[in-house]
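A.B. asks: Using the numbering used here, read the sequence shown as starting at 143 and increasing by one per residue. All residues carry an ideal CB built from backbone N, CA and C; glycine is no exception. Being a predicted model, the structure only gives us computed values, none of them experimental.
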Amino acid sequence: AGGDAAAHESLYSSLLRPGLAGPVHCHIAAFKADFDIGGVRANTLRVTSVGASDAPPSPREPFPRPRHPYKVLSHRDVEAEGIGASTFVADPRRPGAWTIVDRAAASPAGSPRGYAVTLGSFATTQVLPDEHPFVRAMPFSKYHLAVTAHHDHERRLTSPYVQYDGEEASGAQDLDRFLSDGESLLDADLVAWIAVGREHVVRQEDLPLVSNFGVAFSLQPWNFLPWNAAASGLPPSLSEAGAGD
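The structure is reproduced here in structure tokens:
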């Protein structure tokens with residue numbers, strides 16, 4: 143009977159000691175970042191993607207030869223909020239950058255000034271189906287990033303009164319409800335909702351204290367500063383161009 147019970151428990155847990163199991167579970171933390179790039183409330187969500195494309199023939203080559211694909215950048219400004227439109231999950235097979243930019247404020251090189259939301263470590267999202275009571279109560283767990291138009295009454299991602307019951311409480315703080323408005327995100331006051339988490343597959347070494355289990359994200363200047371702020375001084379070319387203003 144003990145063997146059958148252990149085999150059944152191992153479907154959901156790691157067996158740590160005789161009679162002791164650690165169920166698989168998730169740790170997810172979510173944050174609200176209210177952006178006002180350049181001190182103005184006219185920002186846009188710009189998604190940059192890295193891909194591959196066939197190389198065009200070069201007019202400088204007199205004889206055709208086989209050419210290999212090369213890496214290219216593509217940029218798009220997200221026009222409106224919505225599930226699948228302004229929500230994102232990091233995919234190592236499709237790298238790129240998520241940036242909040244002020245399209246009216248350009249760097250000396252002509253790039254819009256902004257900040258990027260970057261993951262600092264591997265982070266998981268929700269593995270349960272969308273209709274699960276937990277996911278319905280905490281839809282932020284489905285995304286690494288979601289961007290919405292700012293509203294004072296959209297204060298947080300969830301509510302302590304809507305947890306695991308799966309009820310659609312009227313007026314609850316619900317990210318999917320924020321996204322359902324479909325409001326414009328072009329040159330608007332934007333809020334980024336950022337969630338990072340890990341599925342905790344328990345191991346014996348977690349006893350008595352869990353360690354090395356962190357996840358992280360950062361908000362990084364993206365063409366906002368003329369130079370790495372950690373560097374001392376500026377090259378003459380940048381200083382002469384007014385980069386230090």
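(1) Touch check for the region 208-221 and the region 186-196: three-plus C-beta pairs under 8 Å?
(2) Beta carbon of residue 85, beta carbon of residue 258: below 9 Å?
(3) What does the Cβ neighbour count give for residue 153, buried or exposed, with the cut at 16 atoms within 10 Å?
(4) For residue 168 and residue 340, which I take to be in contact (beta-carbon distance under 8 Å), what is that distance rounded to the nearest angstrom?
(5) Measuring CB to CB, does residue 366 end up less than 9 Å from residue 287?
(6) To the nearest angstrom, report how far apart residue 176 and residue 266 are at their CA atoms.
(7) Looking at the structure shown, is residue 165 part of a helix, part of a strand, or coil, going by DSSP?
(8) For residue 333, does the count of other Cβ atoms within 10 angstroms reach 16, so buried, or fall short, so exposed?
(9) With distance defined between alpha-carbon atoms, name the residue in 248, 279 and 330 nearest to residue 315.
(10) Please classify residue 145: does DSSP put it in a helix, a strand, or coil?
(11) Within the continuous beta strand (DSSP E) that includes residue 158, where are the two ends?
(12) So, is residue 327 buried or exposed, given that buried needs 16 or more other C-beta atoms within 10 angstroms?
(13) Give the range of the beta strand (DSSP E) segment to which residue 350 is assigned.
(14) What does DSSP give as the partner residue(s) for residue 176 in the beta ladder?
(15) Spatial neighbours of residue 298 within its chain, please: C-beta separation below 6 Å, excluding the five flanking residues on both sides.
(16) Specify, as a first and last residue, the run of the alpha helix (DSSP H) that residue 320 falls within.
(17) Give the DSSP-derived three-state secondary structure of residue 340 in the structure shown.
(18) Just to check my reading of the structure: residue 277 and residue 283 have Cβ atoms closer than 8 Å, yes? What is that Cβ distance to the nearest angstrom?
(19) Excluding sequence positions up to five away, which residues of its chain have a Cβ less than 7 Å from the Cβ of residue 147?
(20) To the nearest angstrom, how far is it from the Cα of residue 263 to the Cα of residue 166?
C.D. replies: Per the coordinate set shown:
(1) Yes: the two stretches touch, three or more of their Cβ pairs being nearer than 8 Å.
(2) The chain is shown from 143 up to 387; residue 85 falls before or after that span and cannot be answered.
(3) Counting Cβ neighbours within 10 Å, residue 153 comes out exposed, since fewer than 16 surround it.
(4) Their Cβ separation, rounded to whole angstroms, is 7 Å, which keeps residue 168 and residue 340 in contact under 8 Å.
(5) Taking the C-beta atoms as reference points, residue 287 is found no nearer than 9 Å to residue 366.
(6) Taken atom to atom, the span from the alpha-carbon of residue 176 to that of residue 266 is near 23 Å.
(7) Look at residue 165 here: in three-state DSSP terms it is strand.
(8) Buried, because 16 or more other Cβ atoms sit within 10 Å of the Cβ of residue 333.
(9) Distances from the CA of residue 315 to each of 248, 279 and 330 were compared; the closest alpha carbon is that of 279.
(10) Three-state result, residue 145: helix.
(11) Counting along the chain, the beta strand (DSSP E) containing residue 158 begins and ends at 155-159.
(12) By the neighbour-count rule (16 or more Cβ atoms within 10 Å), residue 327 is buried.
(13) Segment: none, residue 350 is in no beta strand (DSSP E) and carries neither H nor E.
(14) Looking at the DSSP assignment, residue 176 forms a beta bridge with 333.
(15) Same-chain partners within the cutoff: 315.
(16) Looking at the DSSP string, the run of the alpha helix (DSSP H) that includes residue 320 is 317-321.
(17) Three-state result, residue 340: strand.
(18) Between residue 277 and residue 283, the beta carbon gap of about 6 Å places them in contact (Cβ cut-off 8 Å).
(19) Nothing meets the Cβ criterion.
(20) Counting only the Cα atoms, residue 166 lies some 20 Å from residue 263.
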